[in-house]
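Peer 1: Residue numbers (the numbering used here): 636 to 949. By construction, the Cβ of each residue, glycine as well, lies at the ideal position given by its N, Cα and C atoms. The following block contains the structure, expressed as structure tokens.
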């Protein structure tokens, strides 16, 4: 196995939950050239950061012909795919059209991974099935990301004037049903900033989908100890998270924080943490007694956050 391609679309959390499988692949073929075909702004987390030597965009126009029957395939992509000894694909391909077109390119060893996650078993375990098919055991389901020295330098520049400990809030997710009410975020943030024995800082991480929540927080928290990390590149967020206390929902950014090694408090409601919560030793999941996020106890979250801040200060 000299050249291996992993095709992985999906959102941030989907990609991170695949990292334990990619680690098994990397460990088994330590000297192979591994490449990832995926969304570049996400797959960059793996590029020259342990898992892969290169990343190619899955949004490349000519790739669309590979999803059509009997299509005229790009000669450049035909040569590209044929150059790999092994391809592992997580793409949704119910009719096998994509696979058939890869075979037309001369691809011989193709392993298909699950495009969708089912109930009952942890997502990372399900995503590791292709590695089991190859004969590799995936023992550790805790995803890990490895920031570069340049990632850490950019994070240090952003965090330069902020006192420690560092607490990061991510008040959004991919679904409003998975979000804790904004007034609760305001409550625990105000409480934290008002503590006499908390001299640290608060960072609010957000992307485009979180704009409504963050707009209100910007209006309230005009404090030199509060900074907003909006639309940061994912490797920069990793470097910010790795020495932080993180509070978030069931989201890709929470998966990222856990993989970075942050001390995480993760709030779950309608989704099942047995399937979706990241694995790792520094993760505390607080689940609603119902599917409703508003039923998560504010006092419990505040107490746990205070304890983590006190522990971090020692």
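#1: Give me, in chain order, the residues of the same chain whose beta-carbon lies closer than 7 Å to that of residue 637; leave out the 5 immediate sequence neighbours on both sides.
#2: Can you name the start and end residues of the alpha helix (DSSP H) that residue 661 belongs to?
#3: What is the C-beta distance between residue 722 and residue 737, in whole angstroms, given that I count them as a contact (C-beta under 8 Å)?
#4: State the Cα-Cα distance for the pair residue 836 and residue 793, rounded to the nearest angstrom.
#5: Which residue comes first and which comes last in the beta strand (DSSP E) that contains residue 883?
#6: Please determine, among 941, 880, 908 and 910, the residue with the shortest C-alpha to C-alpha distance to residue 917.
#7: Taking the runs of the alpha helix (DSSP H) that are 4 residues or longer, which of them lie wholly in the segment 882-909?
#8: Pull the bridge partners of residue 841 from the DSSP assignment, please.
#9: By the 10 Å Cβ neighbour count, where 16 or more other Cβ atoms means buried, how is residue 953 classified, buried or exposed?
#10: Helix, strand or coil for residue 797? Go by DSSP, reduced to three states.
#11: Answer yes or no: does any C-beta atom of chain D fall closer than 7 Å to that of residue 768?
#12: Pick from 678, 832, 701 and 825: whose alpha carbon is nearest that of residue 692?
#13: Using the Cβ count rule (16 or more neighbours within 10 Å means buried), how would you classify residue 670?
#14: Tell me the DSSP secondary structure of residue 792 in three-state form.
#15: Going by alpha carbons, who is nearest to residue 682 out of 703, 743 and 780?
#16: Would you kindly work out how many angstroms separate the C-alpha atoms of residue 935 and residue 851, rounded to a whole number?
#17: Is the separation between the beta-carbon of residue 651 and that of residue 834 shorter than 7 Å?
#18: Please report the residue range of the alpha helix (DSSP H) in which residue 849 lies.
#19: Starting from the C-beta of residue 760, find all residues in its chain whose C-beta is less than 7 Å away, skip the five residues before and the five after it, and write them out in chain order.
Peer 2: This is what the structure holds:
#1: Taking the chain shown and counting its residues from 1, one reaches residue 637 at position 2. Correct list, in chain order: 667, 668 and 720.
#2: In the chain shown, counting from the first residue as 1, residue 661 sits at position 26. First-last of the alpha helix (DSSP H) with residue 661: 654-663.
#3: Here residue 722 is taken as the residue at index 87 of the chain shown, counted from 1. Here residue 737 is taken as the residue at index 102 of the chain shown, counted from 1. Confirmed, about 7 Å.
#4: Residue mapping note: residue 836 aligns to position 201 of the chain shown, counting from 1. Residue mapping note: residue 793 aligns to position 158 of the chain shown, counting from 1. Roughly 12 Å between the two C-alpha positions.
#5: Within the chain shown, numbered from 1, the residue matching residue 883 stands at position 248. Unbroken beta strand (DSSP E) run through residue 883: 880-884.
#6: The count along the chain shown starts at 1 and reaches residue 917 at position 282. Considering only alpha carbons, the answer is 880.
#7: 887-895
#8: To locate residue 841, count along the chain shown from 1; it is residue 206. Note: residue 841 sits in a beta bridge opposite 865.
#9: The question about residue 953 has no answer, for the chain in this structure spans 636 to 949.
#10: As a position in the chain shown, residue 797 is number 162, starting the count at 1. Coil at residue 797, not helix or strand.
#11: Absent from the structure: chain D. Only one protein chain is present.
#12: Start at 1 with the first residue of the chain shown, and residue 692 comes out as number 57. Out of 678, 832, 701 and 825, 678 has the C-alpha closest to the C-alpha of residue 692.
#13: Counting from 1 along the chain shown, the entry for residue 670 is found at position 35. With 16 or more other Cβ atoms within 10 Å, it is buried.
#14: Stepping through the chain shown from its first residue, residue 792 is reached at position 157. If DSSP states are grouped into helix, strand and coil, residue 792 belongs with the helices.
#15: As a position in the chain shown, residue 682 is number 47, starting the count at 1. The shortest Cα separation from residue 682 among 703, 743 and 780 belongs to 780.
#16: Numbered from its first residue, the chain shown carries residue 935 at position 300. Numbered from its first residue, the chain shown carries residue 851 at position 216. So the two alpha carbons sit approximately 24 Å from each other.
#17: The sequence position of residue 651 within the chain shown is 16, counting from 1. The sequence position of residue 834 within the chain shown is 199, counting from 1. For residue 651 and residue 834, no; Cβs fall outside 7 Å.
#18: Your numbering for residue 849 matches position 214 in the chain shown. That run of the alpha helix (DSSP H) goes 846-855.
#19: Walking along the chain shown from the start, residue 760 turns up at place 125. The answer, listed in chain order, is 776.
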